[in-house]
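Under the numbering used here, the first residue of the sequence shown is numbered 23, with each subsequent residue one higher. Every residue, glycine too, gets a C-beta built ideally from N, C-alpha and C. None of these values were measured; they are calculated from a predicted model.
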Amino acid sequence: MIVQSWAETTTIALQNLWQGFLSFIPTLVGALVVFIIGWFISVGIGKLISEILTKIKFNQLFERAGWKQALEKAELKVNAAEFVGAIVKWVLVIVFLLAAVEILGFIQFAVFLKSVLAYLPNVIVAALIFVVTVILVDILEKIVRAGVEGVKVGYGQLVSVIVKWSIWIFAILAILHQLGIAKSFMETLFTGFVAMLVIALGIAFGLGGKEVAAEMLRDLRNKLRE
């Protein structure tokens, strides 16, 4: 009787397990279909974004900003257009993976993916700040250099470099702040940078910078009179 009871209990358990597996198969297939379709959609949109950025010559802007050379010195080869396309692709992959996970009922994994997605807008905004900065630096650098050299003062290169790196410094600080990376530290760093800039300019003018500034203003006044 005991052996028969154990056999019946084991048989019932196996039957319940099998029935549960059979009922889970449609859910599993549905989740796989959603993820596979989402994967192809993500790859396609990522490639489309890369091609669009390549056609509008985003890579050239990236190179002019000096980032490609800086990354190559660190032995990192990055195609800017493909990099942005890859980010878009993986964001969409996570979205479709979340949909598949929710179909399967994996609650904790779904919560984790939702937290990742909740942080992604910060990454997207930071990337947009970077892209806009690359374009803005290229345009303003040309405008400033052309404007200064147009009056034949002779300091166009210097002024354009100052404008370029001033914009980049503020952009990098804005990106780090958007990503939430040590916000209090970044605020302190920003305050320190502004204070350092003011002190440096004050010392420069106080210890002889006045002569350089006077010479620049004198050249500018003479050129304008001509």
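Close Cβ partners of residue i (< 8 Å) along its chain, the five nearest in sequence each way excluded
| i | result |
| --- | --- |
| ILE189 | THR155, LEU158, VAL159, LEU162 |
| GLY127 | THR49 |
| ILE67 | VAL110, LYS111, LEU114 |
| ASN144 | GLN200, LEU201, GLY202 |
Residue i versus the options, residue with shortest Cα-Cα distance
| i | options | result |
| --- | --- | --- |
| ILE58 | VAL123, LYS164, TRP187 | VAL123 |
| ILE151 | ALA108, LEU50, LEU126, PHE192 | PHE192 |
| VAL138 | ALA148, ALA149, ILE116 | ILE116 |
| LYS136 | TRP61, VAL185, LEU119 | LEU119 |
Backbone secondary structure at residue i - three-state DSSP
| i | result |
| --- | --- |
| MET101 | Looking at the sequence provided, one finds Asn at residue 101 rather than Met. Of the three classes helix, strand and coil, the one that applies to ASN101 here is coil, per DSSP. |
| PHE152 | helix |
| GLY202 | coil |
| GLN78 | The amino acid occupying residue 78 in the given sequence is Ile; Gln does not appear at that position. Three-state DSSP puts ILE78 in coil, outside helix and strand. |
| PHE62 | helix |
| ALA96 | Per-residue confidence for ALA96 stands at a pLDDT of 44, beneath the threshold of 50, marking its modelled position as unreliable; no derived number is given. |
| PHE134 | helix |
| GLY127 | coil |
Same chain only: Cβ atoms within 7 Å of residue i, ignoring 5 sequence neighbours per side
| i | result |
| --- | --- |
| THR76 | ALA103 |
| ALA196 | ILE151 |
| VAL65 | LYS111 |
| GLY230 | In this prediction, GLY230 scores a pLDDT of 48, lower than 50, which makes its location untrustworthy; the coordinate-derived value is nonetheless stated afterwards. If we look at GLY230 and ignore the five residues flanking it on each side, it has no Cβ neighbours. |
| PHE134 | none |
Cβ shell of residue i (< 6 Å), same chain only, five flanking positions each side left out
| i | result |
| --- | --- |
| ALA96 | In this prediction, ALA96 scores a pLDDT of 44, lower than 50, which makes its location untrustworthy; the coordinate-derived value is nonetheless stated afterwards. Same-chain partners within the cutoff: there are none. |
Test: residue i CB closer than 7 Å to a CB of chain D
| i | result |
| --- | --- |
| LEU126 | Judged by its chain identifiers, the structure shown contains no chain D, having just a single protein chain. |
Legend entry - the region 61-80 contacting the region 106-120, beta-carbon criterion three pairs below 8 Å: yes
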